[in-house]
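As you go down the protein sequences, you meet chains S and W in turn. Residues in the first sequence are numbered consecutively from 0, following numbering that gives the first Met the number 0. Residues in the second sequence are numbered consecutively from 0, following numbering that gives the first Met the number 0. In what follows, a structure is listed as structure tokens, so that the remarks can point back to it.
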Amino acid sequence: MSAVLTRWGLSTTPPPEPPPAEPNYLNHNYSIWSWLFTTDHKRIGILYLISITLFFVGGGIAAGVVRLNLLAPNGAIVTEDVYNRAFTAHGVLMLFFFLIPAVPAVFGNFFIPMMIGAKDLAFPKLNLASWYVFMLGAACAAWSVLVGGIDTGWTLYPPYSTRASQASVVPGVLGAFIAGFSSIMTGLNIMVTIHKMRAPGLTWNRLPLFVWALYATSLIQLLATPVLGITLVLLMVERMWGVGIFDPSIGGDPVLFQHLFWFYSHPAVYIMILPGMGVISEVITCFSRKNIFGYAAVAWSSVGIAVVGFLLWAHHMFVAGISFYAAILFSFLSMLVAVPSAIKVFNWTATLYRGSITFQAPMIFALGFIFLFIIGGLTGLYLATLGTDIHLHDTYFVVAHFHFVMVGGMVMAYFAALHYWWPKMFGRMYSDWWSRLAAMIIIVGFFLTFIPQFIMGYHGMPRRYPNYPANLQILNVMSTAGGSILGLGYLMPAIYLTLSLINGPKASSNPWSATGLEWQTPSPPSIHNFEETPIVVCGPYEYAIGVDQMGRPLPEGPGEGGPIDPASHAGHPYPAGPVPKETEVVG
Amino acid sequence: MSFLPSFIPERASILADRFEALFWYITLTTATVGLLIYIFIIYCCIRYRRSRSPGTTPRILGSHRLEIAWTIIPTIVFFTFYGWGVAVYNYAFHPPEDALEIFVIGKQWMWKAQYPSGQRVIIGGNPANMTEAERASIGKLVVPLGRPVKLTLTSEDVIHNFGIPAFRSKMDVLPGRYTTSWFEATKLGEYHVFCDQYCGTWHSLMVGKVHVVTPEEFEEFLLGARSSQGSENPVDGSLAFQGRQLFMKLQCSTCHTAKPSARAPVLEGLYGSKVHLKGNRTEIADEQYIIESILKPRAKVVEGWEPIMPSYEGQVTAEDLAALVQYIRSLKRGTTLDRTEDFPVPVGAPTERPEPISPVKGKN
């Protein structure tokens, strides 16, 4: 320990700020072709960011139609057919075209190479191809919307989807099928990059937890997505050519589809949530100035979730006609996956203990994640428990549960990541006050939207119902009211983040005084990230000692009023490191 | 119907009480843990905010004892949920032997119920896409208080789900397959029936009512003396009787006779017995087996018989099948045919009988 400290003690002052005109990945070439044919992981990350923002807006509009229509027990604004198309569009866009690529393809692409001290991902051309494939899939989905939309629900259960639906199912399914390849490419790229391109000294036990989480995510993307591809092809074959695979009237088995579909789609929820968990580990440590509590537990629980996540798909099918023994087995395995999630929450909570906490927007989003994810995770136990799932299955209780995990968890983490890394990506600071306000509004709006849905579901209101019993109207009105607050909250970052690009103050290279290697590059990063390969000497979260992963002292930490507001520095900025310190033991 | 939902939704079956006990056990446990974590986070956020703790932070890397504690304790708690949940599911999954049986057929977008005594009713659905006759028989599913009722469910088209929130029961309704759901109502009244599996345009109108009546009223309903279901439906004989007519109409009786020249096994006493199949397999002859044998006769061939039966797929509706099953169930030993000692038992005829079977001689 002391020997290492001596080495840190030898290091000198922080690296000098880059001169303002320094060429970076954004300004070295402005032509449209330099963007469309770029193989720079950062630019591809930005392409993904723009694309998924569009899909998020599209999915959000569909959600708005659904919620507004539920204001009245017999449908307030649209017909049943339009409603069915709206919730399907909401599900397909949000899941396949926003949540799955959100963190891996935007922040994974952008920051995995920077966090491990590499110049790019292992396969830059494959990376660009993944974006084109993704956009091709999105074009197919758009095609299906333009010719009338799909009305099957995102779960696409046959025989409805293959026989009965009058909508344009094939283009939509084709879109999800093609987008799946993009997910495989990204997963493969990230996994190989993490294996082969880590900087000298960056051992597995020194990897930031975001990298661990993305590694686990890539594992699922690689192994599970092909099964989705197979399933969707079988679905299209049955619909187009009447080959009996799932439709019992031509010799198929509809439950087989559910097994195949959930064999992908259950692990897919971990594709969505694991990267978010990685973001939270980064943000919580930085804004409480602490080492992560239980590094190994947090890292390996990601892998544990990824592995166990493959073994519990049939818990979506407890009332679908599976056997009693299958049900008790899958219920058992579902209980097991709750444990690593609980471990993560306990470790994040313990990280806050005796910290020195500030509440900039990324931290508020991260705390919001923990608050909402606790509810999302705990309500999952009701659905993993056989006796309670019978009644709650396919009701709004399920809807509320997965929105707590997917939106309360993953979208909060996405916003935490966006706010945390925004100054690095664009070299500009956004409004501290507005961003905090937006984070608070989103959390409050979220609670108001989805807590009533738990009560509705407990009272038996089924999913995908534009018509419902009149005594549930009050809860639906509350939920829609909350949804409009939530919508307002999501609109705010679009405004102040865009404004920051125009007239935001310039961000320093390490505005949060964070330890990761990505902060060792200028903001915005230069074309090849690092002038020389960084040499890593310690773990990722040495905030207590005050050194980054290269053993150099951290700059002065963010004060209470935001990192760039000079007035706030009269507050309590965190002292610059390094500070020699003994490891303390608690518990 | 009140304007506001009540705190605990209406409970009208034994399963509902068992569900609520488990639900509130999980709720109290998880809410306690969740609140404790919330309180700890809020405490940390206040106590350790930058202005209160402006100095440097301690370097705490973790604790093996804490990690083990918060791995093992939640695991144990989760498994109490699991065990209790299996018990409730076990209860809900296995209907008692003596349950009253009702066939329920789902189709886009209505539920059709058939009682063994012949009553029929359409519960719920969108009147706009029904025939005149169907519209006339829209009513409620009448069930007796305090008696187990088993629903045998199937679908004519896509997957539906028959859920009764007040009973906390729910089961997917699949085409080409038979699922069961059962309940024992504990409270008189009318309760919602919902389709819980998305099934197309009018999914949300595939709703109806279940009407719990006293056992006396239920007997009168079965006898046709009371129309508790809210619609007048002529009863053309019991379901088994309808099945017998179909059995003759479809000429099943030509081969499934008790004559020595029979080309197919006799079916009396078949239901619930163990059947020996080609390939040295055995199977219990339940609804699923009988219906599969009607629709896909070559899939499971009884030992000792040639696979000569034609498929009736497309020729019989789900309702016809329910009637045929009911008829075959009613075929007790000797109920329709005489017996004789002159001929050996056809190999593969139903075996598990109360006494050694004797060969039969057809009387026609």
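We put the CB at the ideal spot given by N, CA and C, even for glycine.
Span of the beta strand (DSSP E), counted from its first residue to its last, around residue i
{"i": "I121/W", "result": "119–124"}
{"i": "L99/W", "result": "99–106"}
{"i": "M129/W", "result": "Taken as a continuous stretch (DSSP letters only), M129/W belongs to no beta strand (DSSP E), as it is neither H nor E."}
{"i": "L127/S", "result": "Element bounds for L127/S: not the beta strand (DSSP E) but the alpha helix (DSSP H), 123–145."}
Neighbour list for residue i in chain S, Cβ cutoff strictly below 9 Å
{"i": "P73/W", "result": "A337, V338, A341, I342, F345"}
{"i": "G117/W", "result": "By Cβ distance, chain S contributes nothing, its closest Cβ being about 28 Å from G117/W, past 9 Å."}
{"i": "K106/W", "result": "None at all; the shortest Cβ gap to chain S is about 11 Å."}
{"i": "E183/W", "result": "Under the 9 Å cutoff, chain S gives no residues; its nearest Cβ is about 15 Å from E183/W."}
N-terminal and C-terminal residue of the alpha helix (DSSP H) that residue i is part of
{"i": "K289/S", "result": "Note, K289/S: premise wrong, no alpha helix (DSSP H); not H, not E."}
{"i": "I534/S", "result": "Taken as a continuous stretch (DSSP letters only), I534/S belongs to no alpha helix (DSSP H), as it is neither H nor E."}
{"i": "T29/W", "result": "13–46"}
{"i": "I229/S", "result": "208–240"}
{"i": "W420/S", "result": "411–425"}
{"i": "A61/S", "result": "40–68"}
{"i": "I183/S", "result": "168–195"}
{"i": "W312/S", "result": "Looking at the DSSP string, W312/S is not in any alpha helix (DSSP H), and its letter there is neither H nor E."}
{"i": "Y82/S", "result": "79–93"}
{"i": "I31/S", "result": "31–35"}
{"i": "F323/S", "result": "323–351"}
{"i": "P112/S", "result": "108–114"}
Contact set between residue i and chain W, taken where Cβ atoms lie within less than 7 Å
{"i": "N290/S", "result": "R58, I59, L60"}
{"i": "H314/S", "result": "Residues of chain W passing the Cβ test: none, with the nearest at roughly 11 Å."}
{"i": "I526/S", "result": "Within 7 Å Cβ-Cβ: nothing; I526/S doesn't reach chain W, min ~36 Å."}
{"i": "R463/S", "result": "Y197, H202"}
{"i": "D80/S", "result": "T200"}
{"i": "Y269/S", "result": "Those within 7 Å of Y269/S in chain W number zero; the least Cβ separation is about 18 Å."}
Residues that DSSP places opposite residue i in a beta bridge
{"i": "P552/S", "result": "V546/S"}
{"i": "T74/W", "result": "Per DSSP, none; premise fails for T74/W."}
{"i": "Q287/W", "result": "DSSP output for Q287/W lists no bridge partner at all."}
{"i": "A112/W", "result": "V103/W, V120/W"}
{"i": "H275/W", "result": "T281/W"}
{"i": "I59/W", "result": "E583/S"}
{"i": "G138/W", "result": "I122/W"}
{"i": "H210/W", "result": "V141/W, E189/W"}
{"i": "T520/S", "result": "For T520/S, which the question treats as bridged, DSSP gives no partner whatsoever."}
{"i": "T394/S", "result": "P461/S"}
{"i": "V433/W", "result": "Past the boundaries of the shown model lies residue 433/W; chain W is included only from 0 to 363, so the question cannot be answered."}
{"i": "F356/S", "result": "Rather than Phe, the amino acid found at residue 356/S in this sequence is Ile. Per DSSP, R48/W."}
{"i": "K505/S", "result": "R427/S"}
8 Å Cβ cut-off: residues of chain W touching residue i
{"i": "S301/S", "result": "None at all; the shortest Cβ gap to chain W is about 15 Å."}
{"i": "S434/S", "result": "Within 8 Å Cβ-Cβ: nothing; S434/S doesn't reach chain W, min ~17 Å."}
Beta-carbon neighbours of residue i, restricted to chain S and to distances below 7 Å
{"i": "Q196/W", "result": "D393"}
{"i": "S52/W", "result": "S355"}
{"i": "T70/W", "result": "V338, I342"}
{"i": "W83/W", "result": "G386"}
{"i": "T29/W", "result": "L377, L380"}
{"i": "F193/W", "result": "G459, P461"}
Contact list for residue i against chain S, beta-carbon separation under 8 Å
{"i": "F78/W", "result": "M334"}
{"i": "K208/W", "result": "Within chain S, no residue comes near K208/W; the closest Cβ sits about 11 Å away, beyond 8 Å."}
{"i": "A317/W", "result": "Those do not exist, as A317/W stays about 11 Å from chain S at its closest Cβ, beyond 8 Å."}
{"i": "I283/W", "result": "Near I283/W there are no residues of chain S at all, since even the closest Cβ is about 14 Å away, more than 8 Å."}
{"i": "S168/W", "result": "I389, H390"}
Per-residue contacts from residue i into chain W (C-beta, under 9 Å)
{"i": "L366/S", "result": "I40, C44"}
List, from N- to C-terminal side, the alpha helix (DSSP H) runs of 4 residues or more that fit wholly inside the stretch 143–208 of chain W.
Those alpha helix (DSSP H) runs which fall completely within the stretch 143–208 of chain W and span 4+ residues do not exist here.
Inspect the CB distances between the stretch 49–59 of chain S and the stretch 454–474 of chain S and report whether three or more fall short of 8 Å.
No, the stretch 49–59 of chain S is not in contact with the stretch 454–474 of chain S.
With a threshold of 8 Å, are at least 3 pairs of Cβ atoms found where one atom belongs to the stretch 398–405 of chain S and the other to the stretch 34–43 of chain W?
The answer is no - the stretch 34–43 of chain W does not touch the stretch 398–405 of chain S, with fewer than three Cβ pairs under 8 Å.
Decide yes or no for the touch test of the stretch 260–272 of chain W against the stretch 298–314 of chain W: beta carbon pairs closer than 8 Å, at least 3 of them.
In short, these stretches touch, since the Cβ pair count reaches three.
Cβ pair count under 8 Å reaching 3, the stretch 114–131 of chain S against the stretch 194–207 of chain S
Yes, since at least three Cβ pairs between the stretch 114–131 of chain S and the stretch 194–207 of chain S fall closer than 8 Å, the two stretches touch.
Between the stretch 270–283 of chain S and the stretch 213–223 of chain S, are three or more C-beta pairs nearer than 8 Å?
The stretch 270–283 of chain S is in contact with the stretch 213–223 of chain S.
Tell me whether the stretch 476–487 of chain S and the stretch 415–433 of chain S touch, counting them as touching only if at least three CB pairs, one residue from each stretch, are closer than 8 Å.
These segments do not touch.
Determine, using beta-carbon pairs with one atom in the stretch 144–153 of chain W and one in the stretch 174–185 of chain W, whether at least three such pairs fall under 8 Å.
With a cut-off of 8 Å, the stretch 174–185 of chain W and the stretch 144–153 of chain W count as touching, because enough Cβ pairs lie within range.
Say whether the stretch 137–146 of chain S touches the stretch 162–172 of chain S, bearing in mind that this needs 3 or more beta-carbon pairs closer than 8 Å, one atom from each stretch.
The stretch 137–146 of chain S, when compared against the stretch 162–172 of chain S, does touch it at the 8 Å Cβ threshold.
Stretch-stretch touch, CB-based, cutoff 8 Å, three pairs: the stretch 153–161 of chain S with the stretch 238–247 of chain S:
Contact annotation: the stretch 153–161 of chain S touches the stretch 238–247 of chain S, with at least three C-beta pairs closer than 8 Å.
Could you list the residues in the stretch 536–552 of chain S with a C-beta less than 8 Å from some C-beta on chain C, going in chain order?
Within the model displayed, chain C is absent; protein chains S and W are what it includes.
With three or more C-beta pairs closer than 8 Å as the rule, is the stretch 186–194 of chain S touching the stretch 516–527 of chain S?
As far as the Cβ criterion goes, the stretch 516–527 of chain S does not touch the stretch 186–194 of chain S, which means the pair count is below three.
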